[in-house]
Amino acid sequence: MLLLFMGASAPSQMCPPPEDVEGRCIELSVGALAEMHEVQLSPGLMTTFVFDSDVRPDGMTLEDSGRFEVAELGRHTLALMPAENQRSEKPGALTVCFADDAAPACASFRLLMHPVTAERQVRVLRHPRSASSLEAELRRVHEENDRLRAELARLNAGRDTPLGLAGMLVSGVMDERGMSCVPGDTVQPSGSVLIMVEFSTCRTSMRAIIRVRVRNKGETPWAARGAKLVGPKGEVWRGAVWPEEPIAPGEFADLFIEARVEDVRMEGPFVLKLWEANGSRTVRLGRVAFPVLGAGTAF
């Protein structure tokens, strides 16, 4: 249903795999309207946003604009530089809106401050759909999501472990020797919230699981409310996250992300994205790979 909601037609441009792209590449789709993308800036260094759609000259909103110098605002580009004499490390917020009537109409960015390093170029690729084509479909998706949430709440009532394969791992009914699993490289996720200690991925013919041990390095609790896997060709799988309880500052937690998949091969690498309920603090982990299964594998 979510894939249908994002549109059946193939977009003209897609971001290459994270390890192959120079600079930063962000994809905008209707299915991620609430997502705020984090971009790292540094005083005295220019960060250039390059859009593949025309932007409105009057469609930019920059929080605390006095802290920044807007060097260029063209039809497809925006050059932004934090002032060198600023002392505030408070994140800023940037919203850019597009000139046409398609959705998504705008893109939002959380501007993180770093004393010495910045993302120098950020490419923003948009997968638009007309607003009229979304109304009835959006209503059906909301109704279906409400039904599924109610059903999930009923199934989880009184349970202290998740459902599915993640529940088998947590309860000890099965360990990683009972399915095809591989350890992952401990590459730190982008974002400013979590530090990854270790992670592994497991596969069956219909399920994919990521187990990741993290520590909250922020100053406030953080709780994952959604997850998705994004493949090198733009394919997307939504995942359920357990546990849902917030991770206190400085505390460790094991997160289990489980997604239902149909492609036995699942050629990667993938990008794992986790976000909070309000979408303000996201975590992005690249180079996620899964075990290769044979055509006869079944579970």
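This note's numbering numbers the first residue of the sequence shown as 12 and each following residue consecutively. Note that CB positions come from ideal geometry on N, CA and C, so glycine has one too.
Rounded to the nearest whole angstrom, the CA to CA distance from D157 to V66 is 34 Å. Under a 10 Å Cβ-count criterion, V204 is classified as buried, with 16 or more other Cβ atoms of the shown protein chains found around its own Cβ. Taking all protein chains shown into account, G195 has 16 or more neighbouring C-beta atoms within 10 Å of its C-beta and is therefore buried. In this structure, V133 places its C-beta atom within 9 Å of the C-beta atom of T58.
Rounded to whole angstroms, the Cβ separation of M71 and P93 is 16 Å, and the two are not in contact under 8 Å. The beta carbon of G279 is closer than 6 Å to those of A300 in its chain, skipping five residues each way along the sequence. Using a 10 angstroms sphere on the CB of E49, the tally of other CB atoms reaches 16 or more, which defines it as buried.
Taking C-alpha positions only, G103 is separated from R295 by approximately 19 Å.
In this structure, the straight-line span from the alpha carbon of V193 to that of H87 is close to 42 Å. Approximately 31 Å separates the beta-carbon atoms of D63 and Q97; this is outside 8 Å, ruling out the contact. Here the C-alpha atom of L159 lies approximately 25 Å from the C-alpha atom of V282. Every beta strand (DSSP E) stretch that sits fully inside the region 75 to 151 and reaches 3 residues is listed by chain position as 79 to 84, 88 to 93, 103 to 109, 117 to 124, 132 to 138. Taking the Cα positions, A161 is about 47 Å away from V127. In this model, R222 and C36 are separated by some 26 Å (Cα to Cα). 9 Å or more divides the Cβ of I220 from the Cβ of E148. Going by DSSP, C26 is part of no beta strand (DSSP E) at all; its letter is neither H nor E.
For E230 and S53, the gap between their C-alpha atoms comes out near 21 Å. Relative to W253, the option among V247, L285, F60 whose CA is nearest is L285. Beyond the five residues adjoining it in sequence on each side, P257 comes within less than 8 Å, by CB distance, of P232, W233, A234 in the same chain, given in chain order.
Under the 10 Å beta carbon count, S40 is surrounded by 16 or more other beta carbons and is classified as buried.
Spanning the alpha carbons of R78 and E287 requires a straight line of approximately 27 Å.
The residue among D265, K239, W248 with its C-alpha nearest the C-alpha of E255 is D265. In its chain, beyond the 5 residues on either side, P232 have a beta carbon closer than 6 Å to the beta carbon of A259.
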